[in-house]
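Enquirer: My questions will all concern the structure given below.
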Amino acid sequence: MAGTPHVVILGAGFGGVGAALKLRDAAVRISIIDKHDYHTFQPLLYQVATQELEPTAVGYPIRELLHRHDNVAFHNCTVQSVDLAKKQVVVDGMPPLEYDYLVLALGALVNFHGTPGAAEYALPLYTMNDAIRLHDHILKTLEAVDKNPALVDDGALNFCIIGGGPTGTELAGALAELLHTELKADYPNLPIDEAQVIVYEHSPHLLAPFKPKLRDYAQKTLEERGVEVQTSCGVAEVGPSEITLASGEKVKTHTLVWAAGLQANPIAASLGIELAPGGRVPVGPDLQVKDHPGVFAIGDIASTMDAKTDKPLPGLAAVALQAGHYVGETIAHLVEGKPVKPFHYHDKGTMAQVARGAAVVELPTGGTLTGRVAWLAWLGIHLSLLSNAEEKTSVFVDWGWNLLTNKRGKRIILSDEEHEESL
Ligand SMILES: Cc1cc2nc3c(=O)[nH]c(=O)nc-3n(C[C@H](O)[C@H](O)[C@H](O)COP(=O)(O)OP(=O)(O)OC[C@H]3O[C@@H](n4cnc5c(N)ncnc54)[C@H](O)[C@@H]3O)c2cc1C
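Mapped onto the numbering used here, the consecutive letters of the sequence shown carry residue numbers 3 to 425.
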């Protein structure tokens, strides 16, 4: 392998895996690094949190994804920093990795926007650990109320969500359904009818980037399922059993889910280059970092301009996956001395599930879909993002079973620790 160009891919999310898969037949050797040994399907994390899917349906073993890829070595370790001048990546537990081509695909982290108490007491939903922690927190809260009914007056049955974007909206619908169906049956002695799911959104609308018709449909659908939606309403402080709204009003709660923002992975700051808003790595039309040929940044860590609109592309799995495919093909072309074309994102629509069988879809043509048709489109697009046939089948079977039986995954507490590492 001496003399074979070395491609180092940091992160085995949508972008990293997409790049590795496209380099399978290229004359390169690839090292792919991730601190987890599984690829996380983030769009379905809320279904793990609300017990619709088992964690293994949403986390797929990276080593298994790379079977039949003879030119790839996976290393399960954490990236510490990148030295662009030395063309080296520092990882824990291994000597530094030297690269010829580098793909930065380390994703994003939760952003608490400096809200006091949020880092200590809010429950983010960005990683598998977050989803399992929230799953367990919901069950532990109900177990605590079972032992001490006075906790109801202390707000234990108020489930608050900060952020009315797709994650907050999807979680609110799923949580309301879970509470008022299976958990009501599991805890017949508890006043579950008094449980409230409340979404706080600081902008004037739920699902703000969507068309007004879709926003209204989403809000009405949630409200029909008992969710309270408060718009133009921010959170100023988070405590262990109370939140303070921007208006000064205090709300008792033991559960505050944070679905209100992301920042680029802090490894971006180790590059020593000027970063775009949100700490993202700015890239050119071929997704390479300015003045560093052979260094690519893709997905949530990157600030990528849409060639059609000249606006930054959103943080979506489809954007990361398409960018990963493009970078894999581009590196293969560069190695062969072929010319490189700019990246073009193919928008397949923007969508969010609001509840079982109800979704909103904004098509690239400008058309909109709601209800069951939209939900089927949502299902199809999400299945298409799963990495391989086996993963698609497993999720499809789990979903199909849940829909047919109207039941969810098994409701058991998985962890002993209340506060685990978030990422
Ligand atoms: C709750 C939620 C719901 C979402 N829903 C949707 C949706 O419905 N549709 C949609 O299109 N998009 C959705 N998204 C966005 C989408 O998941 C992201 O845009 C996409 O995952 C970005 O891909 P990526 O490859 O850039 O990063 P990621 O998929 O986040 O992958 C980054 C990888 O880097 C690894 N990593 C991070 N730091 C280190 C380190 N220091 N060392 C080693 N490894 C590291 C991580 O373990 C991870 O595997 C959702 C996101 C979330 C959080």
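All C-beta atoms, glycine included, are put in the ideal place defined by N, C-alpha and C.
#1: Let me confirm a value: residue 363 is counted as buried when at least 16 other C-beta atoms fall within 10 Å, else exposed. Which label applies?
#2: Among the residues of its own chain, which have a CB less than 6 Å from the CB of residue 114, if the five just before and after it don't count?
#3: Please report the distance separating the alpha-carbon of residue 421 from that of residue 124.
#4: Going straight from the alpha carbon of residue 268 to that of residue 136, what length do you get?
#5: When the Cα atoms are used, what is the spatial distance from residue 20 to residue 351?
#6: Can you name, in chain order, every residue of its own chain whose Cβ lies under 8 Å from the Cβ of residue 313, other than the five neighbours on each side?
#7: For residue 10 and residue 253, I'd like the C-alpha separation in whole angstroms.
#8: Compute the beta-carbon to beta-carbon distance between residue 411 and residue 44, rounded to the nearest angstrom, for a pair I have assumed lies under 8 Å.
#9: Under three-state DSSP, which class holds residue 33?
#10: In terms of alpha-carbon separation, which member of 173, 157 and 246 lies closest to residue 261?
#11: Give me the DSSP bridge partner(s) of residue 79.
#12: Which residue or residues does DSSP assign as beta-bridge partners of residue 361?
#13: Per DSSP, which residues does residue 257 bridge with? Please list them.
#14: Less than 6 Å separating the Cβ of residue 352 from some heavy atom of ligand 2?
#15: Would you call the region 16 to 35 and the region 67 to 79 touching, i.e. three or more CB-CB distances under 8 Å?
#16: Could you round the C-beta distance between residue 157 and residue 255 to whole angstroms and report it? I think they count as a contact, below 8 Å.
#17: Candidates 46, 76, 67 and 141: which alpha carbon is nearest residue 427's?
#18: Provide the residue(s) that pair with residue 42 in DSSP beta bridges, ordered along the chain.
#19: Put residue 142 into one of helix, strand or coil per three-state DSSP.
#20: What first and last residue would you give for the beta strand (DSSP E) that runs through residue 8?
#21: Report yes if the C-beta distance between residue 103 and residue 301 is below 7 Å; otherwise report no.
#22: Just confirm the distance between the C-beta atoms of residue 209 and residue 242, as a whole number of angstroms; I'd bet it's less than 8 Å.
#23: Starting from the C-beta of residue 93, find all residues in its chain whose C-beta is less than 8 Å away, skip the five residues before and the five after it, and write them out in chain order.
#24: Taking residue 282 as the reference, give the member of 298, 304, 13 and 18 with the closest Cα.
#25: With H, G and I counted as helix, E and B as strand and the rest as coil, what does DSSP make of residue 103?
#26: Any idea which residues DSSP pairs residue 240 with across the strands?
#27: Provide the residue span of the beta strand (DSSP E) that contains residue 168, from first to last.
#28: Report the three-state DSSP secondary structure of residue 126 (helix, strand or coil).
#29: Compute the distance between the beta-carbons of residue 133 and residue 50, then report whether it is under 7 Å.
#30: Which runs of the alpha helix (DSSP H) spanning at least 4 residues fall entirely within the region 293 to 355, listed in chain order?
#31: Beta-carbon separation of residue 285 and residue 299 under 7 Å?
#32: With distances taken between CB atoms, is the gap from residue 356 to residue 220 smaller than 7 Å?
Expert: Here's the rundown:
#1: Answer is buried; the Cβ neighbour count reaches 16.
#2: 120 and 121
#3: Per-residue confidence for residue 421 stands at a pLDDT of 45, beneath the threshold of 50, marking its modelled position as unreliable; the derived number appears in the next sentence. Rounded to the nearest angstrom, the two C-alpha atoms are 10 Å apart.
#4: 24 Å
#5: 20 Å
#6: 307
#7: 48 Å
#8: Actually they do not touch by this definition, with Cβ atoms about 18 Å apart.
#9: In the three-state reduction of the DSSP assignment, residue 33 falls in the strand class, which pools E and B.
#10: 173
#11: According to DSSP, residue 79 bridges with nothing at all.
#12: 355 and 373, per the DSSP bridge assignment.
#13: The secondary-structure analysis by DSSP pairs residue 257 across a beta bridge with 161.
#14: No copy of ligand 2 occurs in the structure displayed; its ligands are ligand 1 alone.
#15: yes
#16: Rounded, the Cβ-Cβ distance is 5 Å, consistent with contact.
#17: Nothing about residue 427 can be reported from this structure: the residues present for the chain run from 3 to 425 only.
#18: Bridge partners of residue 42: 61.
#19: Helix.
#20: 8 to 12
#21: No, Cβ-Cβ distance for residue 103 and residue 301 is not below 7 Å.
#22: Contact flag wrong, Cβ pair sits at about 30 Å.
#23: The residues are 35, 77, 79, 80, 81, 82 and 99.
#24: 304
#25: Three-state DSSP puts residue 103 in a strand.
#26: 245
#27: Here residue 168 belongs to no beta strand (DSSP E); instead the alpha helix (DSSP H) covers 168 to 180.
#28: If DSSP states are grouped into helix, strand and coil, residue 126 belongs with the strands.
#29: Residue 50 is positioned such that its CB atom lies closer than 7 Å to that of residue 133.
#30: 319 to 337
#31: yes
#32: yes
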